[in-house]
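Colleague:
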Amino acid sequence: MKAITIPTAGGPDALLWADVPDPTPGPGEVVIDIRASAVNRADLLQRQGHYPPPAGAPPYPGLECAGVIGAVGAGVTGWSVGEPVCALLSGGGYAERVAVPVGQLLPVPKGVGLTEAAALPEVACTVWSNVARLARLGTDETLLVHGGGSGIGTFAVQFGAALGATVLATARAAKHDRLRELGATAVIDYSSEDFVESTKAATDGRGADVILDIVGGAYLGRNVAALATGGRLVVIGLQGGRRGELDLGALLAKRASVAATALRSQPAADKAAIVRGVREEVWPLVESGVIRPVVDRRVPMAQAAEAHRVVESNTHFGKVLLTLD
């Protein structure tokens with residue numbers, strides 16, 4: 001088969017479409033004939049040499065895919081050859097085929113095309129596991145989503161609104177109208193506004209009950225300042241650096257909490273539990289049209305370098321897909 005390889009870490013041109021060995025399904029696995037994958041920030045870090053895949057994962061980037069089951073391994077039940085699926089991956093989505101544990105498979109939601117389905121697994125699993133399971137966002141609470149125009153952000157805005165929460169988001173001004181269409185009550189231009197003051201203004205001074213943060217160190221202190229009493233900050237990205245200063249007194253005064261999670265490195269059993277939760281609680285929202293995949297553009301997989309340039313520019317809205325004929 002062919003896959004996007006990274007012979008030497010570097011810029012987008014380090015990605016090479018090359019011949020590699022075909023995968024075979026191990027016990028409890030299926031092989032998916034891939035129709036589409038999607039670009040995630042972790043893929044950019046892997047390309048740069050900063051985020052190697054976990055042990056046992058394919059060396060090729062790609063944390064999600066959609067396609068058709070081409071082969072099943074020993075002990076697999078409930079899935080059959082020819083069935084359309086999408087999947088959460090530990091790696092290997094930038095390829096023509098990938099082997100996946102059955103615990104990380106999801107059916108393609110009704111009403112969603114096979115290619116579009118590749119935009120869902122990673123964002124759905126990340127958002128549900130952090131916003132619903134970890135932070136326990138409740139109806140009538142306020143969710144602040146940083147990076148609202150990203151793949152994670154566009155999904156989180158819709159999910160928070162579907163739960164009945166008031167959703168605030170930070171994004172460039174050009175993305176504000178579309179985020180409001182997805183369910184954001186207020187959108188904050190992080191390049192010209194203080195998101196702490198804007199969050200307090202939008203909540204009558206209370207602050208946000210839950211903050212989903214992709215920035216990390218650079219926002220740590222301000223995120224705590226933007227939290228409501230009893231608020232929960234969940235850090236899922238480090239685009240603003242690994243280190244920040246935390247005022248524990250401010251955290252204590254608000255009886256608030258800070259958590260940080262990474263999905264890719266979690267054990268297979270934990271990923272399977274997250275996938276089950278997504279299938280039970282999120283897929284009905286997708287199938288009813290309450291949440292929809294947001295796709296900025298489709299790029300042929302062999303041209304993954306161009307897709308990486310788009311994501312690095314931060315001009316996209318939603319997911320950038322990599323497609324195979």
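Heads up, the sequence shown is in the numbering used here, so the first residue is 1 and it goes up one at a time. C-beta: ideal position from N, C-alpha, C; glycine also.
Quick one: is residue 15 buried, meaning 16 or more other Cβ sit within 10 Å of its Cβ, or exposed?
Modeller: Residue 15 sits at position 15 when you count from the first residue of the sequence shown. Buried, because 16 or more other Cβ atoms sit within 10 Å of the Cβ of residue 15.
Colleague: What first and last residue would you give for the alpha helix (DSSP H) that runs through residue 217?
Modeller: Taking the sequence shown and counting its residues from 1, the one referred to as residue 217 is at position 217. Per DSSP, residue 217 belongs to no alpha helix (DSSP H) and is neither H nor E.
Colleague: For residue 19 and residue 3, I'd like the C-alpha separation in whole angstroms.
Modeller: Reading the sequence shown from its first residue, position 19 is the one you call residue 19. Reading the sequence shown from its first residue, position 3 is the one you call residue 3. Approximately 7 angstroms between the Cα atoms of the pair.
Colleague: My output table needs one value for residue 128: the three-state DSSP class, helix, strand or coil.
Modeller: Looking up residue 128 in the sequence shown gives position 128. Helix.
Colleague: Could you tell me whether the region 110-118 touches the region 139-146, using the rule of 3 or more Cβ pairs below 8 angstroms?
Modeller: Taking 8 angstroms as the limit for Cβ pairs, the verdict is that the region 139-146 does not touch the region 110-118.
Colleague: For residue 165, collect the residues of the same chain with a Cβ closer than 6 angstroms to its Cβ; drop the 5 residues on either side in sequence, then sort them by chain order.
Modeller: On the sequence shown, residue 165 is found 165 positions in, with the first residue counted as 1. Excluding residues within five positions, the ones whose Cβ falls inside 6 angstroms are 137, 141, 143.
Colleague: Counting C-beta neighbours from all protein chains within 10 Å, is the total for residue 121 16 or more, i.e. buried, or is it exposed?
Modeller: Here residue 121 is taken as the residue at index 121 of the sequence shown, counted from 1. That one is buried.
Colleague: Taking DSSP's pairing of strands, which residues face residue 236 in a bridge?
Modeller: Your numbering for residue 236 matches position 236 in the sequence shown. The partner list for residue 236 (beta bridge, DSSP) is empty, contrary to what the question assumes.
Colleague: Determine the closest residue to residue 158 out of 240, 101, 128, with distance taken between C-alpha atoms.
Modeller: Along the sequence shown, one-based indexing puts residue 158 at 158. Per the Cα distances, 128.
Colleague: Can you give the Cα-Cα distance for residue 69 and residue 118, rounded to whole angstroms?
Modeller: Walking along the sequence shown from the start, residue 69 turns up at place 69. Walking along the sequence shown from the start, residue 118 turns up at place 118. Going by the C-alpha atoms only, they are around 14 angstroms apart.
Colleague: Out of 224, 261, 234, which has the shortest C-alpha to C-alpha gap to residue 250?
Modeller: By one-based count along the sequence shown, residue 250 stands at place 250. It is 224.
Colleague: Note down, in chain order, each residue of its chain lying with its Cβ closer than 8 angstroms to the Cβ of residue 79, except the 5 sequence neighbours on either side.
Modeller: As a working note, residue 79 is residue 79 in the sequence shown. Closer than 8 angstroms at the Cβ level, and outside the excluded window around residue 79, lie 30, 69, 72, 85, 102, 105.
Colleague: Quick one: Cα of residue 57 to Cα of residue 256, how far?
Modeller: Within the sequence shown, residue 57 is the residue found at index 57, counting from 1. Within the sequence shown, residue 256 is the residue found at index 256, counting from 1. Cα to Cα, residue 57 sits roughly 36 angstroms from residue 256.
Colleague: Would you call the CB atoms of residue 341 and residue 8 closer than 7 angstroms?
Modeller: Beyond the ends of the chain as shown, which are 1 and 325, falls residue 341; an answer cannot be given.
Colleague: Looking at C-alpha atoms only, which residue of 258, 316, 282 is the closest neighbour of residue 160?
Modeller: The residue labelled residue 160 in the question sits at position 160 within the sequence shown. Looking at the Cα atoms, 282 is the closest of the given residues.
Colleague: What does the alpha-carbon distance come out to for the pair residue 21 and residue 320?
Modeller: The count along the sequence shown starts at 1 and reaches residue 21 at position 21. The count along the sequence shown starts at 1 and reaches residue 320 at position 320. Rounded to whole angstroms, residue 21 to residue 320 spans 26 angstroms at the Cα level.
Colleague: Suppose the cutoff is 6 angstroms on Cβ atoms and the five residues either side in sequence are ignored; what does the same chain contact list for residue 46 look like?
Modeller: As a working mapping, residue 46 is identified with position 46 in the sequence shown. Taken in chain order, the residues that qualify are 61.
Colleague: At 3 residues or longer, what runs of the beta strand (DSSP E) sit wholly inside the region 242-300?
Modeller: The qualifying runs are 257-260, 295-300.
Colleague: Compute the Euclidean distance between the alpha carbons of residue 299 and residue 132, then round it to the nearest angstrom.
Modeller: Counting from one through the sequence shown, the residue named residue 299 turns up at place 299. Counting from one through the sequence shown, the residue named residue 132 turns up at place 132. Straight-line Cα distance between these residues: approximately 32 angstroms.
Colleague: Per the DSSP calculation, residue 67 is bridged to which residue(s)?
Modeller: Indexing the sequence shown from 1 puts residue 67 at position 67. Answer by DSSP bridge pairing, in chain order: 34, 85.
Colleague: Going by the CB atoms, is the gap between residue 179 and residue 369 shorter than 7 angstroms?
Modeller: With the chain represented from 1 up to 325, any question about residue 369 goes unanswered, as that position is not in the structure.
Colleague: So what does DSSP say about residue 152, is it helix, strand or coil?
Modeller: If you number the sequence shown from 1, residue 152 lands on position 152. Helix.
Colleague: Per DSSP, which residues does residue 17 bridge with? Please list them.
Modeller: The residue you call residue 17 lines up with position 17 of the sequence shown. BP columns for residue 17 point to 4.
Colleague: Given this structure, state the Cα-to-Cα distance separating residue 33 from residue 54, to the nearest angstrom.
Modeller: Sequence index remark: in the sequence shown, residue 33 carries index 33 (1-based). Sequence index remark: in the sequence shown, residue 54 carries index 54 (1-based). Computed Cα separation, rounded: 22 angstroms.
Colleague: Return the residue from the list 313, 277, 174, 226 that minimises the CA-CA distance to residue 206.
Modeller: Numbered from 1 along the sequence shown, position 206 holds the residue referred to as residue 206. Residue 226 is the option with its Cα nearest to residue 206.
Colleague: Considering only residues of the same chain and omitting the five flanking positions on each side of residue 5, which have a CB-CB separation below 7 angstroms?
Modeller: Translated into positions along the sequence shown, residue 5 becomes position 5. For residue 5, where only same-chain residues beyond five positions count, the Cβ hits under 7 angstroms are 16, 18, 20, 60.
Colleague: Below 7 angstroms between beta carbons: does that hold for residue 215 and residue 240?
Modeller: On the sequence shown, position 215 is the one that residue 215 refers to. On the sequence shown, position 240 is the one that residue 240 refers to. Yes, the pair counts as a contact, with Cβ atoms nearer than the cut-off.
Colleague: Give the DSSP-derived three-state secondary structure of residue 29 in the structure shown.
Modeller: Taking the sequence shown and counting its residues from 1, the one referred to as residue 29 is at position 29. It is a strand residue.
Colleague: Where does residue 200 fall in DSSP's three states?
Modeller: As a first step, residue 200 is located in the sequence shown; it is residue number 200 there, counting from the start. Residue 200: helix per DSSP, three-state reduction.
Colleague: Go to residue 304, then tell me how far its beta strand (DSSP E) extends in each direction, as first and last residue.
Modeller: Counted from its first residue, the sequence shown places residue 304 at position 304. Element bounds for residue 304: not the beta strand (DSSP E) but the alpha helix (DSSP H), 304-313.
Colleague: Please identify the residue among 76, 48, 124, 27 whose C-alpha is closest to the C-alpha of residue 263.
Modeller: The count along the sequence shown starts at 1 and reaches residue 263 at position 263. Looking at the Cα atoms, 124 is the closest of the given residues.
Colleague: Which partner residues of residue 143 appear in the DSSP bridge assignment?
Modeller: Residue numbering aside, residue 143 sits at position 143 when the sequence shown is read from its first letter. According to DSSP, which records beta bridges pairwise, residue 143 is partnered with 167, 210.
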